[in-house]
Amino acid sequence: MKRFSKIALIAAAAVSTVTFQSCTDLEETIYEDITADNFFSSEGDYYSVLVNAYGNLRPLLWGYFNNSQISSDETIVPTRGGDWGDGGKWRELHQHNWTPVNAEVVGHWNDANKGLAQTNQFIYDLDAADASLFSVYDKDVLMAEARVLRAFYYFQLMDFYGGVPILESAAIDPANLPAKNTRKEVFEYIESELLAAIGNLKDMHTSDQQGRVTKYTAHGLLARMYTNAEVFTGTARWADAASHADMVINSGDFSLEADFHDNFSPENDGGSEHVFVVPNLAQGGLGLTFNMRTMHYNQLPSSPWNGFCTLADFYNSFDTTDDRHGIFLVGQQYDDAGNALTDRQGNPLSFTASLPGITGASETDGIRVVKYGIDPAEQGGDSGNDYVIIRYADVLLMKAEALLRQGDETGALAIVNDIRSRAGAAARTTLSTDDLLEERGFELAWEGVRRQDLIRFGKFTDAWELKEVTGEDHIKLFPIPFSALGANPNLEQNPGYPAE
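Heads up: the sequence shown at position 460 corresponds to 465 in my numbering, and the numbers run straight through without jumps.
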């Protein structure tokens, strides 16, 4: 596996002096203390502002992960005594009874809109920049990257909230607030932006620029768009999904890691499957806190938060000989020296599959998931594992699904069995759509795609542990927060949700 330095990109995001107001409330977006007239004097200034837009991916992705995973059959956050109650927001996500004031729903909306504010402002300023300023950084490349980032932020909104206003202006007239575009219109806008950007994007960046988007980031995102196109627009686009997956597959720049777990290790920077990642450092505020959410208080020096766990049915769907089964923590837990750990009451720290309910859980109820390897260098819970947004194995599975949906079971089966072989799992002899959904669960568990998958496969409103049948299709979208509706009367609430 290649190992790249990622310090430059993250450090630039951390020290960037340019901050933005959120456009959550659709107000005019400006630099708070710095304007384009007095800030931009070199190409490095433009690059630092673009990196600021990249930096917003870190907070955004927790809303993306939480809303996608906890609303699915893979993840639950039970209330444990006085812990993880949080006004009921986690229970609402699992049981599909969220409201427009759910903190996770509101936070994700805000973070995606903040990303739009940042990228729109950057695109506006870069467009006016003198091309003669640029020698190290190519102006066209920076513009293309910004358009892909903006498209990704729009993808988040379209996926979770449906139709939203399409905004390209860096400032909004408060007397002429924008109305919602349809979900299909937002899809077509994202599609056009990605296709337009590809020609100016790099195949790969230098080793100190890990995390910047490439042309294969755009192809991977388009493959994901087209895989879900029937949900987003009403029209299936399987041939297009396969075509853009092939652009990644046939590039020669990606391959399956020999060891599945290397994709998520603390040394996973530059991984051969990484199509789009958020780089992290084991430093306060710059790292990944994935394991803090799931591990017990006594399992790490940083005292994790002991919250997230998986559901028994999902855990039991894995063959114990499958290497991917190794992400689960169940039974008695031990420290690095092999000593048995205890809970805070001194009892054996032994995780169980059973949950007494969505409330009333004990410290040890629920199987934990450690998909991202424990970083011995972590600081205060911040680890250096890069967070994967688009992974080569997912691209392969999107290609397999596109083939299967178009009647090519043989071609799809060959791809699936290649991935199973890497995990030491026996080859399948047949492949149905239900089988493929199961395979996506095995390979992509806790990677933030499960909600999309369940909706696409018609399973999202089904019953699972501690969740009844939802019964209402409107739940496939989240509500627009009341705060946004109050700030812009031209927005309309999604069907099935209150407007005030």
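Cβ atoms here follow ideal geometry from the backbone N, Cα and C, with glycine treated the same way. The structure displayed is predicted, hence computed values, not measured ones.
Check: To the nearest angstrom, how far is it from the Cα of Thr219 to the Cα of Asp264?
Finding: Distance from the CA atom of Thr219 to the CA atom of Asp264, rounded to whole angstroms, is 25 Å.
Check: How big is the Cα-Cα spacing for Asp340 and Glu272?
Finding: Answer to the nearest angstrom: the Cα atoms are 21 Å apart.
Checklist line | Beta-carbon separation (whole angstroms), Gln74 vs Gly453, contact threshold 8 Å | finding: 6 Å
Notebook entry, point to check: For the beta strand (DSSP E) that contains Tyr392, what are its first and last residues?
Noted result: Tyr392 to Arg396
Margin query: Using a Cβ-Cβ cutoff of less than 8 Å, which residues in the same chain neighbour Glu473 once the five nearest sequence positions on both sides are dropped?
Written below: Cβ neighbours of Glu473 within its own chain (closer than 8 Å, five residues either side excluded): Gln100.
Notebook entry, point to check: With which residues is Pro309 paired in a DSSP beta bridge?
Noted result: Answer by DSSP bridge pairing: none, since Pro309 is not bridged.
Notebook entry, point to check: According to DSSP, is Arg217 helix, strand or coil?
Noted result: coil
Notebook entry, point to check: Phe487 lies in the beta strand (DSSP E); which residues open and close that run?
Noted result: From DSSP, Phe487 is part of no beta strand (DSSP E) but of the alpha helix (DSSP H) over Phe487 to Ala492.
Next item on the list: Classify Pro64 as helix, strand or coil using the three-state DSSP reduction.
Entry: helix
Next item on the list: Helix, strand or coil for Ser197, going by three-state DSSP, please let me know.
Entry: Looking at Ser197 - three-state DSSP - the assignment turns out to be helix.
Note to self: Taking the beta carbon of Phe9 as the centre, do at least 16 other beta carbons fall within 10 Å, making it buried, or is it exposed?
What the structure shows: Any reading at Phe9 must be qualified, since the residue scores a pLDDT of 39, below 50, and its modelled position is unreliable; no value is offered.
Notebook entry, point to check: Can you tell me the Cα-Cα spacing of Asn303 and Ala366, whole angstroms?
Noted result: The C-alpha of Ala366 is placed about 17 Å away from the C-alpha of Asn303.
Next item on the list: Counting only the same chain and skipping the five closest in sequence on each side, list residues whose C-beta sits under 7 Å from that of Gly109.
Entry: Strictly speaking, residue 109 in this sequence is Glu, with Gly absent from that position. Closer than 7 Å at the Cβ level, and outside the excluded window around Glu109, lie Gly68, Asn71, Asn72, Lys94 and Leu98.
Note to self: Rounded to whole angstroms, what is the Cα-Cα separation between Val283 and Ser388?
What the structure shows: Rounded to the nearest angstrom, the two C-alpha atoms are 12 Å apart.
Checklist line | Beta-carbon proximity check, Tyr194 vs Tyr159, cutoff 8 Å | finding: yes
Margin query: Taking the straight line between their C-alpha atoms, what separation do you get for Thr434 and Glu444?
Written below: 13 Å
Next item on the list: Flag this pair as yes or no: are the beta carbons of Ile395 and Gly225 separated by less than 8 Å?
Entry: yes
Item checked: Cutoff 8 Å: Leu490 Cβ touching any chain B Cβ -> Looking at the structure shown, chain B is missing, and only one protein chain is on hand.
Item checked: Cα-Cα separation between Phe269 and Leu293, rounded to whole angstroms -> 11 Å
Next item on the list: Let me know if Asp318 comes out buried or exposed under the rule of 16 or more other beta-carbons within 10 Å of its beta-carbon.
Entry: Burial call: exposed.
Item checked: Own chain partners of Ala419 with C-beta closer than 7 Å, once the 5 adjacent residues on each side are dropped -> So the list is empty, once near-sequence residues are dropped.
Notebook entry, point to check: Can you name the start and end residues of the alpha helix (DSSP H) that His113 belongs to?
Noted result: Run containing His113: Ala108 to Asp132, per the alpha helix (DSSP H) assignment.
Margin query: Check this for me: beta carbons of Ala134 and Tyr51, under 8 Å apart or not?
Written below: yes
Checklist line | As assigned by DSSP and simplified to three states, the class of Arg3 | finding: An answer regarding residue 3 cannot be provided, because it is not within the stretch 6 to 505 covered by the chain.
Notebook entry, point to check: Taking buried to mean at least 16 other C-beta atoms within 10 Å of its own C-beta, is His479 buried or exposed?
Noted result: It counts as exposed.
Next item on the list: With a cut-off of 8 Å on the beta carbons, I'd call Leu442 and Phe462 a contact; round off their distance for me.
Entry: The C-beta distance from Leu442 to Phe462 rounds to 5 Å, short enough to meet the 8 Å contact threshold.
Note to self: I'd like the ranges of any beta strand (DSSP E) spanning at least 3 consecutive residues and lying wholly in the segment 339-391.
What the structure shows: none
Notebook entry, point to check: Between the Cα of Leu471 and the Cα atoms of Met300, Arg96 and Ala244, which residue gives the shortest distance?
Noted result: Arg96
Next item on the list: Inspect the beta-carbon positions of Phe465 and Arg456 and report whether they are closer than 8 Å.
Entry: yes
Margin query: So for Gly336, helix, strand or coil by DSSP?
Written below: DSSP, reduced to helix, strand and coil, places Gly336 within a strand of the structure shown.
Next item on the list: Confirm, please, whether the CB-CB distance from Phe313 to Thr511 is below 8 Å.
Entry: Given a span of 6 to 505 for the chain in the structure shown, any question on residue 511 remains unanswerable.
Item checked: Whether Lys144 touches Leu131 by CB criterion (8 Å) -> yes
Margin query: At the level of alpha carbons, what is the spacing between Asn321 and Leu227?
Written below: 33 Å
Check: Leaving out the 5 sequence neighbours to the left and right, which residues in its chain are closer than 6 Å to Gly416 when beta-carbon positions are compared?
Finding: Leu408
Next item on the list: Might you give, ordered along the chain, the residues of its own chain that have their beta carbon closer than 6 Å to the beta carbon of Gly336, omitting 5 neighbours on each side?
Entry: Ser355
Notebook entry, point to check: Expressed to the nearest angstrom, what Euclidean distance is found between the alpha-carbon atoms of Leu172 and Asn499?
Noted result: 19 Å
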